[in-house]
Amino acid sequence: QVHLVESGGGSVQTGGSLRLSCAASGSVLRNQTMAWYRQVPGKKRDWVAHITALGNPTYAASAKGRFTISRDNAKNTVYLHMSDLRPADTAVYYCNFVQFPTSWGQGTQVTVSL
């Protein structure tokens, strides 16, 4: 079973930045497309961005131009650099494999205040 551990969340003011990390156990990232998602209590989990094994990113409209997804296969880690954060970005952020999702991690809380 692959375990995913998200970290890097926190509380920032509008316009601030954060970098989230997603570490996967084992040498599993190399050929997998990875994605970041976010969820607000009471709502469904929404896709934010994904990055292919070759490093090609795709973003949701809400993230485009502000968020950057990247990966370091040697470290089995995927990152999400978020800038120009807004209160609407407040959520718990999760990562997972796209083609063969594993169990969800605990996520990392991002809170953006005015």
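Those letters in the sequence shown? Residues 2 to 115, per our numbering, in order. All residues carry an ideal CB built from backbone N, CA and C; glycine is no exception. In this text the structure is predicted, and so the values were computed from the model without any measurement.
- In the DSSP secondary-structure assignment, residue 14 is bridged to 114.
- With distances taken between CA atoms, residue 22 lies nearest to 73 out of 2, 61, 73.
- Residue range 5 to 8 is occupied by the beta strand (DSSP E) that includes residue 5.
- Beta bridge pairing from DSSP links residue 109 with 94.
- Considering only 4, 109, 46, 63, the residue with the shortest C-alpha distance to residue 85 is 63.
- If you check the CB distance, residue 77 and residue 24 come in under 8 Å.
- Under the DSSP assignment, residue 68 falls in the beta strand (DSSP E) whose first and last residues are 68 to 73.
- For residue 78, the enclosing beta strand (DSSP E) begins and ends at 78 to 83.
- Here residue 81 really is in contact with residue 94; their C-beta atoms are around 7 Å apart, less than 8 Å.
- Spatial neighbours of residue 112 in its own chain (CB-CB distance under 6 Å, excluding positions within 5 residues in sequence) are listed in chain order as 12, 91.
- Sorting 97, 32, 41 by C-alpha distance to the C-alpha of residue 6 places 97 at the top.
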